[in-house]
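Residue numbers (my numbering): 36 to 298.
Glycine is no exception: its CB is placed at the ideal position from the N, C-alpha and C atoms.
Model, not experiment: these values are computed from the prediction.
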Amino acid sequence: MEIAYESIPVNIEDEMKRSYIDYAMSVIIGRALPDVRDGLKPVHRRILYAMNELNNDWDKPYKKSARIVGDVIGKYHPHGDMAVYDAIVRMAQDFSLRYPLIDGQGNFGSIDDPPAAMRYTEVRMAKLTGELLADIDKETVDFIPNYDDSLLEPSVLPSRFPNLIVNGSSGIAVGMATNIPPHNLIETINAVIALIENPEITTVELMEHLPGPDFPTGGFIYGKEGIRTAYETGRGLIQLRAKALIERDRKGERERIVVTELP
């Protein structure tokens, strides 16, 4: 059996350009950068949706982290279990997120110490997370097929608050990257209200409501020019310094510097 075919000459430069752009967009949309509408990357969105489907709410009993990981990789995110568990851990750490989206029970690590294995820790959604998922069953967002077309998953969460600004995000994609700092929730909402009331508001006026980032581990921000530049152009340099105090030992012979806030 002969199969007819046609040889089409293709410029290698054009093919490389097209293939690279397709690959870059796949990485950007598929895993690397957050969606501005809910501030989440696909893995985080799938984790929260899976927890919602399990009724793993803030006022319900905790569930084993391994149970959540299993549901996520089995239904929505066919990748390694540790990648999913690492994402769960980060959303539960109060030093990683300004407002944790997961309420964890057990050893979820510290700044310089790893968390316990998923079989030992338990999780449920944080109370604030309910505002990200509110009314998801009322046709507020579009649903798309999962990886094997057996289930549907949300393309984005409804999000009653601007999570991208509140919790920030960072990611490295192909040809681009992002690093958005977190902000205080009340200040962010006040800034949103001010923007709604005055769409022509200036950056300086907006910064009266939202003076700058608010990092989960504290610290000092030196200068406002970098903040203003970042707000206006999307690029800016913010200088952070730790907060420390000097203590004397009991005998008063030695002094030591104690860092109380480490950005």
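Check: Along the chain, where does the alpha helix (DSSP H) that runs through Ile137 open and close?; Outcome: Segment 137–140 is the beta strand (DSSP E) holding Ile137; no alpha helix (DSSP H) there.
Check: Cβ atoms of Ile262 and Gly271: under 9 Å apart, would you say?; Outcome: yes
Check: Have a look at the DSSP bridge pairing and note the partners of Ala67.; Outcome: Partner(s): none; Ala67 has no beta bridge.
Check: Which one or two residues does DSSP pair with Gln128 in a beta bridge?; Outcome: Paired residue(s): none; Gln128 is not in a bridge.
Check: What is the DSSP secondary structure of Thr295, counted as helix, strand or coil?; Outcome: strand
Check: The beta strand (DSSP E) that contains Glu188, what's its start and end?; Outcome: 187–189
Check: Taking DSSP's pairing of strands, which residues face Arg276 in a bridge?; Outcome: Phe255
Check: What three-state label does DSSP hand Met242 in the structure shown?; Outcome: coil
Check: Within a Cβ cutoff of 7 Å, which residues of the same chain sit near Ile200, ignoring the five residues on either side of it in sequence?; Outcome: His218, Thr223
Check: Taking only the alpha-carbon atoms, compute the straight-line gap between Phe196 and Leu167 and give it to the nearest angstrom.; Outcome: 7 Å
Check: For the structure I just gave you, are there three or more beta carbon pairs, one from the segment 203–213 and one from the segment 224–242, closer than 8 Å?; Outcome: no
Check: Starting from Val158, trace the beta strand (DSSP E) both ways and give me its first and last residue.; Outcome: 157–160
Check: So which of Leu192, Glu288, Glu157, Ala226 has the shortest CA-CA distance to Lys173?; Outcome: Leu192
Check: Can you tell me whether Val294 is buried or exposed, with buried defined as 16 or more other CB within 10 angstroms of its CB?; Outcome: exposed
Check: Let me confirm a value: Asp147 is counted as buried when at least 16 other C-beta atoms fall within 10 Å, else exposed. Which label applies?; Outcome: exposed
Check: CA-CA distance, Ser204 and His79?; Outcome: 11 Å
Check: Mind the definition here: the segment 272–287 touches the segment 244–261 only if three or more C-beta pairs lie below 8 Å; say whether that holds.; Outcome: yes
Check: Tell me whether the beta-carbon of Leu89 lies closer than 9 Å to the beta-carbon of Arg81.; Outcome: no
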